[in-house]
Every structure is written in C-alpha cells, then in structure tokens.
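First the structure, in the form of structure tokens, and then the observations on it.
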Amino acid sequence: MRKADTKIGKFIGGAAIFVALFAFSGDVMAQSARELGNRLSRLENEIETLSRAIYRGEQPPPSSSRAGDAAGSANMEIRLQQLERQIQQLTGKVEEQSYATRKLNDALERMQGDLEMRLGDLESGGAQNGSSYGAGGTASKPRPGDVTLYNPAPSNASSGSQTMGGSETMGGTRNLGGGGNDAAAAYENAFSLLKNGNYDAAEREFETFLQNNKGHPLAGNAKYWLGETFYVRGDFDRAARIFAEGYQQYPDGAKTADNLLKLGLSLSSIGNNKDACIALNQLKKDFSTGSGPVLRRAEQEMQRLGC
33 MRKADTKIGK FIGGAAIFVA LFAFSGDVMA QSARELGNRL SRLENEIETL
83 SRAIYRGEQP PPSSSRAGDA AGSANMEIRL QQLERQIQQL TGKVEEQSYA
133 TRKLNDALER MQGDLEMRLG DLESGGAQNG SSYGAGGTAS KPRPGDVTLY
183 NPAPSNASSG SQTMGGSETM GGTRNLGGGG NDAAAAYENA FSLLKNGNYD
233 AAEREFETFL QNNKGHPLAG NAKYWLGETF YVRGDFDRAA RIFAEGYQQY
283 PDGAKTADNL LKLGLSLSSI GNNKDACIAL NQLKKDFSTG SGPVLRRAEQ
333 EMQRLGC
C-alpha cells in the first residue's frame with residue numbers, strides 16, 4: 033500500500049508540475065496576446081486619424097500631419113501604408129498564437145486523460161484479470177478479424193499469441209505459479225527502466241525479451257509496454273504499429289483494451305482520425321462493460337474527434 037501511495041504521489045507531483053508549466057505558458061501567451069491587441073488598437077486609431085486628414089480634409093492632431101502641406105500629406109500617405117503593413121504582420125502573429133493555444137489545450141486534455149487513467153491504475157493496485165487499468169466484470173472477447181484497425185509493417189520485436197494467466201503486480205511481473213524466473217526477471221528489469229523514465233533502454237530490453245521469450249505468458253504485456261516506450265516519446269507512428277500488433281497477436285491478453293485505446297490515441301496524434309475512431313469504436317464494442325478508466329478515456333477521445 034505504501035508503495036502504491038508513493039507512486040501515486042509521484043504521478044500527482046508530475047501532474048502538478050505539468051499543470052503549473054502549462055498555466056505559466058498560458059499566462060505568458062495571454063499577456064503577449066493582450067500586448068498584440070493593444071498595439072493593433074493603437075495602430076488602428078492612428079490609421080483612422082490619418083485617413084480623416086487625407087481623404088476627408090479634416091484637421092488631424094499637430095503630431096500627425098500639417099494641414100495644407102503637400103509634403104505632409106505625402107508623409108502621411110507613406111505612414112498609412114507602413115501602419116497597414118504592421119497591422120497585417122500583427123494579425124498574423126495573433127493567428128499564430130491562437131493556433132498555438134489550441135494545440136496546448138489539446139495537449140492538456142490528452143495529458144489529463146492519461147493521468148486520470150494511470151492514477152486509476154495505481155489506486156486499484158494494478159491490473160486484475162483484464163485491462164491493466166482496473167477492469168471490472170467480464171469483458172466480451174474481442175474479435176480482431178471483425179474490423180481492419182491498422183495494417184502495420186512488421187516490427188523488430190514480434191511474438192506469437194498466448195493466452196495470459198495470473199495477475200500483474202505493481203512491479204510489472206505476473207504471478208506465474210512457478211517457472212520462467214529468468215524471463216520474469218528480464219521483464220521486471222525492462223519494466224523498471226520504463227517506470228524510471230529510461231525509455232531508450234526499456235525499448236531495447238522489451239524487444240530483447242520478446243525475441244527471446246516468444247509465447248511466454250508475459251509476452252503480451254511486454255508488447256504493450258514496448259508500444260508505451262514509443263508513445264511517451266511522441267513517436268506515435270511506431271507506437272501505433274506496436275499497439276496494433278499487440279491487439280492482433282494477443283486478442284485474449286490482459287492488455288487488449290489498453291492496446292486498442294493507445295492505438296486510437298496514437299492514430300489521432302498523427303492525424304489519422306478515421307482509423308482512430310475505428311479503433312476506439314472497436315474498444316467500446318469489445319469492452320462494453322468493465323475496463324473503467326480505459327473506456328472513459330476512449331469516450332473522451334471519441335467526443336473530441338467527433339467519432
């Protein structure tokens with residue numbers, strides 16, 4: 033219990049840091065946007081003043097023009113053109129900042145969903161006979177042949193299908209009921225590297241595990257966590273391939289729901305929203321009951337994508 037509390041604390045601390053950084057960046061962007069807006073307002077007022085002087089024959093303030101002076105009128109015309117160009121440039125900057133703000137909001141929503149899902153995993157004490165994020169009840173068996181989710185190129189690490197048994201602990205290993213100690217130790221080592229943020233090394237260790245332990249009860253889990261090493265580093269194309277392979281190769285495994293969810297999230301991250309919706313819909317179909325946070329996260333993403 034103390035170990036789970038420590039991990040929850042780490043995740044909450046990480047989440048707090050992320051939210052603080054996001055809030056800080058949001059404040060900076062908001063301040064910058066206000067400054068741009070003020071500059072635009074000042075330029076528009078100056079243009080309006082110059083326009084009255086040039087086209088309506090009105091007397092502008094002494095600092096803006098000299099009435100009746102041809103040279104002054106020419107100077108005002110030049111100044112007017114300069115102001116128009118500045119407004120165009122500032123308008124472009126405002127549009128760029130608006131786009132960046134939307135991207136940051138999307139990233140925050142994704143991070144919040146992932147944190148909720150992972151915290152749910154920690155609070156439940158790990159996976160129990162189903163999805164790794166605390167599935168409850170009995171889920172209907174998925175049928176990968178029902179729909180083409182994604183057709184990945186073969187990855188470097190591949191393994192055959194194997195029905196999973198036992199339950200995964202917080203340390204990442206499963207209670208295997210004897211045997212396979214060397215493989216379990218290798219899996220534990222790879223999982224520890226992943227937890228500690230050493231993603232490059234974790235990738236290599238999970239690939240080695242899959243190459244050396246085809247058909248092992250932990251192979252399906254290793255496949256999923258291999259995909260996670262790419263997902264957390266933002267390599268969503270490779271992550272999508274691994275998650276798709278994991279779903280297709282281990283349809284009865286403990287990570288089936290998680291593979292479908294992360295497949296959908298990875299595909300949406302590379303702009304393949306159509307296939308992302310297919311994967312997420314398949315998740316809802318295969319796991320209409322149970323899978324708690326996983327299913328809720330899928331529904332959030334489907335709503336965001338308009339599936």
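Everything in the sequence shown is counted per the numbering used here, starting at 33 for the first residue and increasing by one. We put the beta carbon where it would ideally sit given N, CA and C, even for glycine. Treat the numbers as computed from the prediction; the structure is a model and nothing was measured.
Reduced DSSP secondary structure (H/G/I, E/B, other) of Tyr-279: helix
Cβ shell of Arg-328 (< 6 Å), same chain only, five flanking positions each side left out: none
Rounded C-alpha distance that separates Asn-213 from Gly-266: 33 Å
CA-to-CA distance, Leu-122 to Leu-250, given in whole angstroms: 56 Å
Same chain, Cβ closer than 6 Å to Arg-74, five either side skipped, listed in chain order: none
For Ile-274, three-class secondary structure by DSSP: helix
Tyr-263 beta carbon less than 9 Å from that of Leu-27: With the chain covering only 33 through 339, there is no way to say anything about residue 27.
Test item: CB-CB of Tyr-282 and Thr-261 under 9 Å: no
Three-way DSSP call (helix, strand, coil) for Ser-301 in this model: helix
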